[in-house]
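Its first residue numbered 29, the sequence shown is counted upward by one per residue in my numbering.
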Amino acid sequence: MRLSRYYLPILKENPKEAEIVSHRLMLRTGMIRQQSQGIYSWLPLGKRVLDKVNRIIREEQDRSGAIELLMPTLQSAELWQESGRYDAYGKEMLRIKDRQDRPMLYGPTNEEMITDIFRSTVKSYKSLPLNLYHIQLKFRDEIRPRFGTMRSREFLMKDAYSFDLTREGAEHSYNKMFAAYLRTFSRLGLRAIPMRADTGPIGGNLSHEFIILADTGESEVFCHRDFVNFDIPAEDTNFDDVAGLKAIFDKWTSVYAATSEMHDEAAFDAIPEGERLSARGIEVGHIFYFGTKYSEAMGAKVQGPDGKEHIVHMGSYGIGPTRLVPAIIEASHDDNGIIWPASVAPFDAVVINMKAGDEACDRVCEEIYAALTKAGKDVLYDDTDDRAGQKFATADLIGVPTQIIVGPRSVAAGEVEVKDRRTGARETMTVEAAINRLNG
Ligand code: 5CA
């Protein structure tokens with residue numbers, strides 16, 4: 029991507045409305061734009077990051093055996109009347125009427141709809157276990173939308189729904205998602221701690237929130253500090269290994285970690301003084317086992333091996349991609365801007381032409397840009413005629429992991445400079461070595 033032809037509406041000043049660093053940086057870098065309260069457009073730079081986050085989420089859902097579909101944002105009120113949540117959901121639900129005066133709603137979540145799909149298509153236990161997910165916009169008319177896309181009214185959610193014949197089967201489905209979540213957040217460069225959590229309007233009695241510790245987080249949490257030393261399940265984890273996944277779940281949940289609603293002061297006090305952590309955190313994922321709450325109310329049953337009908341056991345599993353992007357920034361930035369983990373960076377590298385129009389500089393930049401693009405890298409080429417100082421500031425601000433700096437002096441010696449955004453370390457090397465560095 030040539031910056032001269034790209035759309036990167038960077039703000040010079042810090043936006044006054046932004047209270048936390050991620051919101052400030054997302055506005056300054058032109059990743060998002062507020063359209064009305066709590067409703068955002070994702071501009072091209074932000075969209076690139078969001079797509080990479082979604083890709084990782086999708087890969088890990090697929091790896092665990094979940095299957096992707098796509099449900100609509102608008103739902104009929106009837107489904108929610110069946111489960112009893114149409115009245116219970118209250119003012120957070122955006123209610124709409126169509127031209128025939130039929131009550132509709134913008135979905136805040138999809139338990140009812142997926143249960144409806146299930147009951148009308150699945151008849152036998154032989155189709156189980158089944159886990160269906162989608163990545164789709166939701167709307168919740170939050171009282172206090174704030175911090176940009178961290179708590180917005182319209183937001184993206186990956187929501188998965190599992191169906192099992194028995195409670196034991198459903199527990200295994202829960203453990204699969206538990207392991208998939210540990211892998212997902214780790215690949216996003218985050219350490220998210222699973223904490224015992226309240227189930228709220230979703231219901232049930234087994235639930236974990238995945239929380240990233242951050243001073244600006246809205247959740248109050250209590251945990252043992254040992255979480256930093258725990259292993260993440262490997263890529264070749266066998267998701268059909270019931271005992272293996274239970275061992276992962278048991279290991280992580282053997283250490284005390286709870287949100288304030290589920291906090292047990294006595295258990296927390298039992299932890300040695302210096303090992304207790306009471307902190308604030310950002311909830312990036314939330315998983316629930318709620319048994320037969322929806323399947324019972326909506327008649328979702330299958331024929332079992334005994335020939336009888338069985339109400340299925342369900343769980344639901346959410347991740348918020350549009351919240352994850354600011355959460356990653358909260359965890360990874362410095363005074364100069366964002367520092368993207370390589371896995372979600374909008375570009376792998378930025379080529380900075382310090383003297384656009386200079387024949388030698390242009391030639392070397394084009395060579396690097398072409399070679400890296402050909403190798404499948406996402407490269408931003410700053411070919412504008414801005415001052416070099418401004419180009420450096422922009423590159424630091426948008427947080428691209430590697431900067432390749434091409435100036436007249438180094439080019440004369442056949443060399444370029446390679447800067448690592450995270451460490452700030454700069455190295456001079458040949459053009460070929462710089463290309464190999466990124467391809468390595
Ligand atoms: N149906 C269940 C799980 S699929 C559910 O709705 N769970 S939830 O309410 O906990 O939401 C799941 C995830 O969506 C949260 O962990 C969070 O990451 C994200 N999320 C929820 N509300 C918002 C919001 N207002 N803005 C941004 N992300 C949100």
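Where is the CB? At the ideal position from N, CA and C, for every residue including glycine.
C-alpha distance - F167 paired with C389, whole-angstrom precision: Each residue's Cα considered, the two are about 49 Å apart.
I380 Cβ short of 7 Å to ligand 1 heavy atom set: Every heavy atom of ligand 1 is 7 Å or more from the Cβ of I380, so no.
Beta-carbon proximity of P374 to I356, cut-off 8 Å: no
Backbone CA spacing between K40 and Y317 [nearest angstrom]: 47 Å
Close Cβ partners of H291 (< 7 Å) along its chain, the five nearest in sequence each way excluded: F250
Spatial neighbours of Q458 in its chain, beta-carbon cut-off 7 Å, leaving aside the 5 residues before and after: One point to set straight first is that residue 458 is Thr, not Gln, in the sequence displayed. Cβ neighbours of T458 beyond the five flanking positions: G442, E443.
Cβ-heavy atom distance, F316 to ligand 1, below 7 Å: Answer for F316: yes, Cβ within range of ligand 1.
4 or more residues per run - each alpha helix (DSSP H) lying fully within the segment 367-444: Within the segment 367-444, the runs of alpha helix (DSSP H) at least 4 residues long that lie entirely inside it are, in chain order, 387-402, 416-426, 436-440.
Nearest-angstrom Cβ-Cβ length linking W70 and I60, presumed shorter than 8 Å: Contact annotation, W70 with I60: C-beta distance approximately 6 Å; criterion of less than 8 Å satisfied.
Per-residue DSSP class, three states only, for G74: helix
Entirely enclosed alpha helix (DSSP H) segments - the segment 138-196, minimum 4 residues: 139-149
In DSSP terms, what Y345 is bridged to: A188, I315
Residues of its chain near I315, where Cβ-Cβ distance is below 6 Å and the 5 sequence neighbours each way are ignored: Answer for I315: M205, H236, Y345, listed in chain order.
T412 versus Q418 - alpha carbon distance: 11 Å
beta-carbon T422 near ligand 1 non-hydrogen atom, thresh 7 Å: no
Chain-order list of residues whose beta-carbon lies under 8 Å from that of R308 (same chain, five-residue window excluded): L241, A242, D243, T244, G245, E246, S247, E248, V249
Rounded separation between I347 and S438 - CA only: Approximately 46 Å, taken between the alpha carbons.
Distance CB(L78)-CB(T451) smaller than 8 Å: no
Integer-rounded CB distance, given that Y161 should sit under 8 Å from A188: Sure, about 3 Å apart at Cβ, within 8 Å.
I239 CB to nearest heavy atom of ligand 1 below 7 Å: no
Candidates I367, G343, R304: closest to L193 by CA position: G343
CB contact flag (R449, D424, <8 Å): yes
N- and C-terminal bounds of the beta strand (DSSP E) containing A462: Run containing A462: none in the beta strand (DSSP E); it sits in the alpha helix (DSSP H), 459-467.
Enclosing alpha helix (DSSP H) for T227 [first to last residue]: Secondary structure note for T227: it is in no alpha helix (DSSP H), with a DSSP letter that is neither H nor E.
Beta-carbon proximity of W133 to I142, cut-off 8 Å: The sequence shown places Leu at residue 133, rather than the Trp named in the question. Result no, Cβ atoms of L133 and I142 do not sit closer than 8 Å.
Coarse secondary structure for Q89, derived from DSSP in three states: helix
Within 8 Å, strictly: CB atoms of F213 and V312: yes
Stretch-stretch touch, CB-based, cutoff 8 Å, three pairs: the segment 113-132 with the segment 96-105: yes
Bridge partners - V446, DSSP secondary structure assignment: I432, E455
CB contact flag (M54, P354, <8 Å): yes
Delimiting residues of the beta strand (DSSP E) encompassing I240: 234-241
Alpha-carbon to alpha-carbon, I339 and S323: Between S323 and I339, the C-alpha separation is close to 6 Å.
Under 8 Å between C-beta atoms of A377 and T422: No; because the gap between Cβ atoms is not below 8 Å, this pair is not in contact.
E182 to I67 span [Cα, whole Å]: 5 Å
Reference A198; option with closest CA among N266, S50, L156: L156
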